[in-house]
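Accompanying notes for the structure given below.
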Amino acid sequence: MKKLLLLSFFLVPLFAFSQENEQMTLEQKEILKKKFDSIEASFNYKYGKITLQNGIAELNVPEGYKYLGPKQSAFVLSDLWGNPPSECLGLLFPKNMSPLSEDFTYAVEITYSDEGYISDEDAKDLDYDDLLDEMQQDTKVGNEERKKLGYESIFLIGWASEPYYDAETKKLHWAKELSFEGYDKNTLNYNIRVLGKEGYLNLNVIGDIDVLPTVKKDVDYILSSVSFTEGNTYADFNPEYDKVAAYGIGGLIAGKVLAKAGFFALILKFWKVIAIAVVGAFSIFKKKIFGSKEA
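Next up, the structure:
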């Protein structure tokens with residue numbers, strides 16, 4: 119976690135900030151504060167209807183949220199939070215929050231996967247307790263590989279919210295409670311999937327487990343805010359032309375697609391969880407350097 123925290127500060131190469139040398143001059147603090155203020159001012163948030171993935175889907179920014187576009191979201195995820203580069207359709211933030219907020223709690227990352235049409239035939243027969251046991255075992259096996267590569271272990275504590283699939287709207291959501299080695303607060307990973315004819319939209323809510331009540335309160339608004347456009351919906355699937363994914367609803371929840379890419383894909387998938395969770399520690403640093411807003 120501490121190594122990831124240092125990644126957040128590479129934006130300020132004016133001085134070599136390290137774990138052993140946290141003392142900064144007033145001039146250095148002022149330079150750093152101006153840098154943060156400049157980054158904050160650069161964010162161009164949007165509201166209303168947003169076109170996603172070249173028009174195959176739309177987002178109506180839900181009440182109480184604001185949207186950051188793909189380019190600036192990539193900057194936040196990779197440059198600011200230290201994640202590996204990845205394709206992102208945007209980020210949703212609570213309206214009163216930004217990536218550098220002292221009281222940052224969570225963000226919603228929006229991506230698209232073109233894995234193909236997900237058959238939902240298995241949805242009605244899934245045993246979520248059995249699925250959880252399987253996922254916990256997979257996580258343990260993944261930790262062995264993570265250790266070899268020098269990464270901390272991840273522990274899947276259980277469902278923070280049991281999977282729910284709406285067969286009518288073709289929308290699926292569930293939440294996992296995760297524990298990261300060396301981090302004293304558990305992490306929430308709330309997953310939302312919207313199925314289309316050639317793939318699915320991912321809306322991943324990531325933050326500390328404390329935000330679960332807020333996310334559960336808002337999940338219906340988030341679910342209803344995104345949809346595929348005409349010609350790209352689940353009902354538009356044509357088996358003669360469209361690709362079919364190699365897994366169903368159970369595989370989508372369990373993340374079985376990652377097995378094809380190997381354990382390193384598992385590491386990259388969860389790196390975002392760690393990086394976003396560490397922003398809480400980042401806010402403590404800001405308060406220590408600049409003081410709280412009430413001071």
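Going by our numbering, the sequence shown opens with residue 119, and the numbers climb by one from there.
From the three backbone atoms N, C-alpha and C, an ideal C-beta is built for every residue, glycine too.
Asked, Found
"In terms of alpha-carbon separation, which member of 289, 319, 315, 210 lies closest to residue 414?", "Because the chain spans 119 through 413 in this model, residue 414 falls outside it and cannot be assessed."
"Is the CB-CB distance between residue 284 and residue 316 below 8 Å?", "no"
"Helix or strand or just coil, what does DSSP make of residue 384?", "Low per-residue confidence applies at residue 384: pLDDT is 43, beneath 50, and the placement is therefore not dependable enough to give any value."
"Measuring alpha carbon to alpha carbon, tell me which of 342, 327, 303 ends up nearest residue 310.", "342"
"Determine the direct distance from the alpha carbon of residue 275 to that of residue 355, and round the result to whole angstroms.", "36 Å"
"Alpha carbon to alpha carbon, how far is residue 266 from residue 167?", "45 Å"
"Got a sec, what are the start and stop residues for the beta strand (DSSP E) residue 176 sits in?", "175-178"
"Can you find the residues in the same chain that come closer than 6 Å, C-beta to C-beta, to residue 194, ignoring five residues on each side of it along the sequence?", "217"
"With a threshold of 7 Å on Cβ separation, who are the neighbours of residue 157 within its own chain once the five nearest residues in sequence on each side are excluded?", "218"
"Counting C-beta neighbours from all protein chains within 10 Å, is the total for residue 227 16 or more, i.e. buried, or is it exposed?", "buried"
"Between the Cα of residue 225 and the Cα atoms of 149, 199, 155, which residue gives the shortest distance?", "199"
"Mapping the DSSP letters down to three states, classify residue 351 as helix, strand or coil.", "strand"
"Please name the residue in 169, 208, 215, 175 whose C-alpha comes closest to that of residue 159.", "215"
"Only counting the same chain, and skipping five residues up and downstream in sequence, which positions put a Cβ closer than 7 Å to that of residue 304?", "275, 295, 296, 297, 327"
"Closest by CA to residue 291, which one among 254, 172, 235, 246?", "246"
"What's the gap between the Cα of residue 258 and the Cα of residue 251?", "11 Å"
"Any idea if residue 318 is buried or exposed, counting beta-carbon neighbours within 10 angstroms, 16 or more meaning buried?", "buried"
"What ranges does the beta strand (DSSP E) occupy inside the region 204-262, keeping only unbroken runs of at least 3 residues that lie completely in it?", "208-212, 224-231"
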